[in-house]
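The block underneath contains the structure these notes are about, expressed in structure tokens.
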Amino acid sequence: MIKGQTVDLGSNVRLEFNIPKNFPIYGNHDIVLATYLTDKDMDIVDSIQNINSIIFLPWSEEEGKRWLSTWEPEIVGPSTWKSLKPELPAPISNEILRLGRCINMSTGLSHPSDKDRAKRIFSDLKKQGLKAPEEAIKQFAVNNDWDPVRAQELASFAKKYVG
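Residue numbers (numbering that gives the first Met the number 0): 0 to 162.
Structural data, given as structure tokens:
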């Protein structure tokens with residue numbers, strides 16, 4: 000197969016080969032086969048709208064466990080991997096939810112007023128002595144409708160305060 004080429008498998012089934020940066024995230028997709036992708040490329044795949052299933056074949060066990068703990072997907076076949084979702088204190092998760100209702104989710108913290116709001120929120124959480132791992136913040140944000148790239152930006156920003 001060649002990038003961008005579509006192969007007709009019969010019975011109205013098509014197979015198309017794309018690299019993540021060229022993948023149409025707003026199309027309708029039945030199954031996406033994501034093999035040996037970097038975390039950044041998986042964030043692109045995870046951002047796809049209107050998708051039925053993702054089959055993810057990670058390069059390493061660590062990458063696979065991170066994805067498993069974020070999405071808690073259905074596992075087909077035997078698996079020896081056990082992944083634990085990092086815990087996030089309730090006040091931090093509540094504030095992330097509140098922040099998500101107040102900002103433009105498509106731009107994340109790129110607008111100065113949204114960044115100022117986030118700074119006030121995470122400064123207050125820091126004053127309360129609350130801490131959270133960066134990965135827990137990202138996973139919680141992704142699971143609550145943040146685009147994975149924007150969730151990573153939020154987690155990196157929050158790390159300065161509660162990390």
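Cβ coordinates follow ideal geometry from the N, Cα and C atoms, glycine included. As the structure is a prediction and not an experimental result, all values here were calculated from the model.
Pick helix, strand or coil for residue i, following the three-state DSSP scheme.
{"i": "residue 141", "result": "helix"}
{"i": "residue 34", "result": "strand"}
{"i": "residue 102", "result": "coil"}
{"i": "residue 91", "result": "helix"}
Quick one: residues in its chain with C-beta nearer than 8 Å to the C-beta of residue i, no 5 flanking neighbours on either side, listed in chain order?
{"i": "residue 133", "result": "154, 155, 157, 158, 162"}
{"i": "residue 251", "result": "Outside the modelled stretch of the chain, which goes from 0 to 162, sits residue 251, for which no answer is possible."}
Name, in chain order, the residues that DSSP records as bridge partners for residue i.
{"i": "residue 13", "result": "7"}
{"i": "residue 56", "result": "34"}
{"i": "residue 50", "result": "28"}
Might you give, ordered along the chain, the residues of its own chain that have their beta carbon closer than 6 Å to the beta carbon of residue i, omitting 5 neighbours on each side?
{"i": "residue 58", "result": "35"}
{"i": "residue 148", "result": "42"}
{"i": "residue 85", "result": "132, 134, 135"}
{"i": "residue 151", "result": "137"}
{"i": "residue 113", "result": "102"}
Any chance the CB of residue i is under 7 Å from a heavy atom of the ligand FMN?
{"i": "residue 151", "result": "Among the components modelled here there is no ligand, and therefore nothing to report on the ligand FMN."}
Three or more C-beta pairs closer than 8 Å, one from the stretch 124 to 133 and one from the stretch 96 to 103: is that the case here?
By the Cβ criterion, the stretch 124 to 133 is not in contact with the stretch 96 to 103, since fewer than three pairs of Cβ atoms, one from each stretch, lie closer than 8 Å.
Do three or more CB pairs link the stretch 48 to 65 to the stretch 24 to 37 at distances below 8 Å?
Result yes; three or more Cβ-Cβ pairs closer than 8 Å.
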